[in-house]
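Numbering (the working numbering), first residue to last: 401 to 695. Using N, Cα and C, we set each Cβ at its ideal position, and we do this for glycine too. This one's a predicted model, so the numbers in the text were calculated from it and none came from an experiment.
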């Protein structure tokens with residue numbers, strides 16, 4: 401008996417193929433997974449070989465996707481969306497983009513702006529970016545597409561707000577007035593070095609760290625919402641945020657130390673002042689970094 405799906409998987413991910421059992425058994429399992437995926441999206445046609453080929457690319461490394469119907473269901477839709485299938489794009493809108501208004505509700509944006517963000521999110525996830533394939537192909541298969549839509553929508557909305565030079569009251573944000581709270585705590589001779597160091601630290605941080613800091617401190621996204629977006633426990637998000645914050649401050653301190661011949665204890669005192677007001681300082685500094693990138 402021919403086993404084309406098993407053979408395709410075995411060629412790219414032999415360990416995963418062996419875990420499914422004998423070739424005939426694995427073939428039946430893979431065919432069933434593809435059939436169930438197709439049934440989830442009526443009118444969206446994707447060949448089983450395409451689904452298994454994409455699945456195989458996600459089974460290596462330290463974080464392989466599970467070989468489940470939930471995985472193949474996302475992959476099936478992602479493949480069709482990436483090639484511009486109208487039925488698939490419509491299904492994606494109904495299944496995932498419906499969360500955009502809820503994700504942006506706390507920002508109290510006009511309906512037209514929310515719809516613009518929804519359209520922008522669709523483009524960002526479903527369209528290729530130069531030589532890079534659509535992002536949906538990278539993220540599909542892990543059960544995180546809904547969270548990806550929420551994160552992308554929030555970041556897009558923040559970008560729109562800043563581009564329009566508007567002030568929107570965001571939850572968990574304490575406006576500190578026109579004076580930059582963090583920089584007002586730092587002696588005048590440190591300001592330029594600190595600002596440059598912070599911008600450099602943010603720019604070189606991992607994508608996840610930047611997203612977490614911006615979403616939480618600028619976007620007002622709660623710990624619970626972040627946990628849901630990333631599909632992890634709230635405690636994990638707390639650890640991630642703490643680590644991201646500490647990494648940014650450590651990199652900033654290192655930059656300042658190389659630029660200014662100040663005693664170590666004086667630098668420590670300065671950074672203790674900043675950390676004692678960490679929510680305000682990170683928020684305001686992130687805002688200044690984003691604004692400077694748009695000038």
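Asked                                                                                                                                                                    : Found
Output yes or no for whether 7 Å exceeds the beta carbon distance between residue 478 and residue 548.                                                                   : no
Please list, in chain order, all residues of the same chain as residue 619 whose beta carbon is under 6 Å from its beta carbon, the five residues on each side excluded. : 554 and 558
Of the choices 615, 463, 639 and 631, whose alpha-carbon is the least far from that of residue 507?                                                                      : 615
So, for residue 417: in the same chain, excluding its five sequence neighbours on each side, which residues have a beta-carbon less than 7 Å away from its beta-carbon?  : 406, 409, 410 and 426
Take residue 631 as the anchor and find which of 454, 546 and 457 has the nearest alpha-carbon.                                                                          : 546
Does the beta-carbon distance from residue 502 to residue 629 come in below 7 Å?                                                                                         : no
Quick check on the burial criterion: 16 or more other C-beta atoms within 10 angstroms. Buried or exposed for residue 476?                                               : buried
What residue range does the alpha helix (DSSP H) around residue 630 cover?                                                                                               : 623 to 630
Nearest to residue 513 by CA position, among 468, 535, 485 and 560, is which residue?                                                                                    : 560
Which term fits residue 606, buried or exposed, when burial requires 16 or more other beta carbons within 10 angstroms of its beta carbon?                               : exposed
At a cut-off of 6 Å, would you count residue 604 as near the ligand FAD, judging by its Cβ distance to the nearest heavy atom?                                           : This structure lacks the ligand FAD; in fact it carries no ligand of any kind.
Beta-carbon within less than 6 Å of residue 487's beta-carbon, same chain only, minus the 5 sequence neighbours each way: which residues are those?                      : 443 and 444
Per the DSSP calculation, residue 532 is bridged to which residue(s)?                                                                                                    : 529
For the putative contact between residue 473 and residue 465, defined by C-beta atoms under 8 Å, what is the C-beta separation to the nearest angstrom?                  : That belief does not hold up - the Cβ atoms of residue 473 and residue 465 are roughly 12 Å apart, past 8 Å.
For residue 448, count neighbouring Cβ atoms within 10 angstroms of its own Cβ and tell me buried if that reaches 16, exposed if not.                                    : buried
Helix, strand or coil for residue 496 per DSSP?                                                                                                                          : coil
On the CB-based measure, 16 or more other CB atoms within 10 Å of its CB, does residue 533 come out buried or exposed?                                                   : exposed
DSSP three-state call for residue 512: helix, strand or coil?                                                                                                            : helix
Let me know if residue 699 comes out buried or exposed under the rule of 16 or more other beta-carbons within 10 Å of its beta-carbon.                                   : A query on residue 699 cannot be resolved here, the shown segment of the chain reaching from 401 to 695 and no further.
How about residue 459 and residue 428: are their beta carbons less than 7 Å apart?                                                                                       : no
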